[in-house]
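Protein chains in written order, with the working numbering: chain V, 59 to 439; chain S, 4 to 573.
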Amino acid sequence: MSKESLNRIRAVSSKELKEILRSPLFLLLAHFVPIALFLVFGFGLSLDVENIPTALLDMDRTQASRELINGLVKTKYFRLQEEGTDNHQLINLLKRGKIRLAIIIPPQFRKRLYQDRASPIQVLIDGTYPYRGLVIKNYVAAYLTSFNLKLTRDWLNRRGMTSLNLQPIELETRFLYNPSLVSSYALVPGLLVVILMMNPAIMAALAIVKEKDYGTIYTIYSSPITRWEFLLGKVIPYYGLNFINVLVLFLLSIILFQVPFKGSLALLLLGSVIYIFTTTGMGLVVSAFTRSMVAAQIVTIIITIIPSFLYSGLLMPVSNLGRAGEIEAHLFPAMYYMKIVQGTYSKVIGLKEMGTNYLVVLAYGVALFCLGLVLFKKREG
Amino acid sequence: MATLAVEVTGLKKAYRKAEAVKGISLTVEEGEIFGLIGPDGAGKSSVMKILAGVLSYDQGKVKVLGREYPKGAEGVKKDLAFMPQGIGLNLYMDLSVRENIEFFAHLRSIPPSTRDKRARRLLEATGLAPFEERLVRHLSGGMQQKLGLCCALISHPRLLILDEPTTGVDPLSRREFWDLLFDFVEEGMTVIMSTSYMDEAERCHRIAFMIDGTIIFQGDPQGLTGPGDHLEQVFFRILERERPQTFHLILPATLPSQRGNKGPAVVVENLSKWFDSFKAVDSLSFTIEKGEIFGLLGPNGAGKTTAIKSMVGLLEPTEGEITIAGLNRKTRLSTIKHHIGYMSQKFSLYRDLTVSENMELYATLYGLTGGELRERRAWVLKIADLAGQEKMLVRDIPLGVKQRLALGCSLLHFPQVLFLDEPTSGVDPQVRKHFWEIITLLSQERDLTFLVTTHHLVEAEYCCRLALMNQGRLVALGSPQELRERVIAEKGEMLELLASPQREALKIIKSMGYQVYPLGRSLRLWSKGVSLDRMKERLARRGVAVEIKGEAQVSMEDVFIHFMEQNTHV
């Protein structure tokens, strides 16, 4: 690289940096927006099903029915919202979304129980979201199993059979990587994948299209600066800004969201730097096709947010996406960076296991930058 | 024979289906100022962009500074500079004057020591030196254009391409702009420029007249004008022949005359407007009589737009009283708005709506319906020459027609007073003429009152009275003739000289302390205190031939510059 071209790159970069620092709106976009998104999604996006609003119609009103319900609403999974008076009212509450679960205990619940007959209870579950409905059903079923077990034990105790083992096979589960199965431990780091895809891409696209929108692009077009010098000089300041974002988001994740970080920080940062380079490249490609800042922004949001949310493995594992989804996921760099994030936050694996992911993200970056370079013309139509 | 800087043959360029350039050929010699003139939409900007290597083309041979396009375009770029059309468009608004110059120099690898030396000269010549650290967004339009030129010149390019560099620039700044340009041409630079000012075109060594994508004349501007003729008139004649306009100069039948109304149309008393610590308008007072066309003139940043916005109620004045059609601040703003019309510098039309949708929008805003609306709409369509084209999108109609449509829309509700802020900026002479014909008719026949700002000082002659503003203050008020007489009383009559070589003569005469400036081919000299004999002798000694053609008309531009120079405080 000649000294002249180095100087030109430096001139473009320092000009860009000055413009950014003098434009409060742009700084807001650069730093405030990603942090705000991180907070909103970090607090708001949770896949844990807890605190299910529950209504109860207890037509038995005996100690036994009380006991059954008290045990249920004592757990963190259910919250007693209403005590109903009739079936009709419960249906109404479900319809309006006030409750997700209704439990109906028929009259003579206790009586049947003590006559050693099966004593049915009915639950109505809001099945609007199948996943949530299924989880609620499993919670209720698990609770009833343990309640039945307790009833059996009491019955046996009363007959003096205390030594009988009612659970000859015992299940001992250990969840690796996220022992307490807190969904935020998986989601919060995953948000890095989304935000670090969207933000650098938008900023890079805006940086180039801004010059087209204002007309300063003619200054560049009509000067001897080469295409790669201009594009490189243009995006360098944004690498810096986005690296700051990486650090801020990382600190927020471990301090504010208390996500345990177990792996190597160096490996996470290396992966993030490469990922920023790649997603910036996406912005460059978008800037080649768009002429106004609004268009650039909308196009970039669409092409970054969908793959990073749906095809990165953020909400569900890529292998559960179905065949078409899985292929698509492999076509976007988000999935590979997600593996780096998971590998460093919770799995504690090293370059040996994740090396391919780094290389794939880097290859994407190089390819996108080259594509951006080819598509950028120093002249109009 | 001189070497050719630019050689173009059979150049064609189309945007989608519209052919913008239809096979033109032209040559520009090295060291000359080549002017490209013609009406709006003639294809001038496309030609300029192609020559600057920033626009592709479909057909033809383009050779610039010895290199064939499109392959050679990148190789030429270190030797050329290009200023696109539009004020400050090539500058970075958030960088300071100095930072912009430095950026341009870096792009062309000019070493810092050379750059600083050149920058000092350029900034001093343009009067920008005191503003070196100011951000471009805080400069007036005239200053931005001068800075744009400085940035283009920092690399001492062999070829400079300027697309309407002086549109929207005040006359004082224009003169400084041209002085600097001439200095560099003397040093061997070639200039290709387009302009809507015909006096600038007359100053070019050669011009090409473009219309509808073809060149109909190319050569010495005198070849087009003939003796005693001005390019502005020739421009009209050619256009009337080539592009006959069918617009109808008529009045709407129901438009009431304002003659019966008593009292002045506008009274401004002691108007001041502060922006933070900056006083944009400073104790402005004047009265506009009913039926007057009142011109508000001043350099960029003089406070004209601020004053107008205060009058129409878009800005709250800091001090002072404004009375329009007998209504003042105590009247509800919505009532006043029924009596005034406003056409802003930027387009007041929606580009993505059709012609008739735009009119309907205006009409609805003012509560017009039914027969009233139909009649007025038909009238606007006639003066804008748009009958039968109501369904066209506004962005697809030519600039000049757009301006007449905007004027028509601001007249739909039959206001008593119209405020027009630079309605003719960037518009070609033919359109400007028609525009003024409409205004004059409305003022004379129906006593509508107009307040107009403009940088085309030729247009100031159409005004009944003029107010000259500078740095927020009123510096002169009177009819064009009164102001002219005041200047003549101070500076003497204006003499027209023909001298060769012109630049040499200019320098010598200036060095004698006389006030002289070039206009087209000739020189203009203020005669008060001038000894013609001494001057002739001095010129003869230096080998400069001079001929005194006699007294020349003092133009409104001369008047303007006189009052600005007298009343500028740094």
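For glycine and all other residues, C-beta sits at the position ideal for the given N, C-alpha and C.
Rounded to the nearest whole angstrom, the CA to CA distance from residue 132 of chain S to residue 126 of chain S is 5 Å. Among the CB atoms of chain S, none fall inside 7 Å of the CB of residue 295 of chain V. Residue S:214 holds the alpha-carbon nearest to the alpha-carbon of residue 245 of chain S among S:398, S:224, S:214 and S:200. Of the other Cβ atoms in all chains shown, fewer than 16 fall within 10 Å of the Cβ of residue 352 of chain V; this residue is therefore exposed.
The contact set of residue 282 of chain V on chain S, defined by CB atoms closer than 8 Å, consists of 77, 80, 81, 110, 111 and 112 in chain order.
Under the Cβ distance rule, residue 59 of chain S counts among the residues neighbouring chain V, one pair being separated by less than 7 Å. Interface flag for residue 46 of chain S against chain V is unset, since no Cβ pair is found closer than 7 Å. With respect to residue 473 of chain S, residue 331 of chain S sits apart: the two C-beta atoms are not nearer than 7 Å. Residue 315 of chain V places its beta carbon less than 7 Å from that of residue 100 of chain V. Where residue 56 of chain S is concerned, there is no enclosing alpha helix (DSSP H), because DSSP gives it neither an H nor an E. With fewer than 16 neighbouring CB atoms inside 10 Å of its own CB, residue 200 of chain V falls in the exposed class. Buried is the label assigned to residue 528 of chain S, since at least 16 other Cβ atoms lie within 10 Å of its Cβ. Taking C-beta atoms under 8 Å as the contact rule, residue 366 of chain V and residue 256 of chain V qualify, at a distance of about 7 Å. Of all residues in the segment 61-95 of chain V, the ones placed with a Cβ closer than 7 Å to any Cβ belonging to chain S are 62, 65, 66, 69, 73, 76, 77, 80 and 81, in chain order. For residue 305 of chain S, no alpha helix (DSSP H) run applies, since DSSP gives it neither H nor E.
Between residue 217 of chain S and residue 64 of chain S, the gap from beta carbon to beta carbon reaches 7 Å or more. Residues of the segment 454-466 of chain S with a C-beta less than 9 Å from any C-beta of chain V: none at all. Under the three-state reduction of DSSP output, residue 370 of chain V falls in the coil class, being neither helix nor strand.
Here DSSP, grouped into helix, strand and coil, assigns residue 521 of chain S to strand.
Taking 8 Å as the upper bound on Cβ-Cβ separation, chain S lies near residues 272, 273 and 274 of the segment 260-275 of chain V. Nearest to residue 483 of chain S by C-alpha distance, out of S:408, S:374 and S:297, is S:297. Flagged as an interface residue toward chain S: residue 438 of chain V, by a C-beta distance shorter than 7 Å. Here residue 243 of chain V is buried. Its C-beta has 16 or more other C-beta atoms within 10 Å.
Bridge partners of residue 272 of chain S according to DSSP: S:324. Within 8 Å of the CB of residue 348 of chain V, no CB atom of chain S is found; the nearest one sits about 18 Å away. Scanning S:421, S:59, S:84 and S:444 for the CA closest to the CA of residue 68 of chain S turns up S:84. For residue 279 of chain V, the closest Cβ of chain S is nearer than 7 Å. Listed along chain V is no residue with a C-beta nearer than 8 Å to that of residue 216 of chain S; the closest approach is about 16 Å. Near chain V, meaning a CB-to-CB distance below 8 Å, the residues of the segment 92-110 of chain S are 92, 93, 94, 95, 96, 97, 98, 102, 105, 106, 107, 109 and 110. Within the same chain, and ignoring the five residues on either side of residue 97 of chain S in sequence, the residues whose Cβ sits closer than 8 Å to its Cβ are 138, 139 and 140. For residue 22 of chain S, the enclosing beta strand (DSSP E) stretches over residues 21-32. With three or more CB-CB distances shorter than 8 Å, the segment 162-178 of chain V counts as touching the segment 115-123 of chain V. DSSP lists S:282 as the beta-bridge partner residues of residue 277 of chain S. Here DSSP, grouped into helix, strand and coil, assigns residue 140 of chain V to strand.
For residue 55 of chain S, the chain V residues whose C-beta falls within less than 8 Å of its own C-beta are 276, 279 and 280, listed in chain order.
Under the DSSP assignment, residue 62 of chain S falls in the beta strand (DSSP E) whose first and last residues are 62-67.
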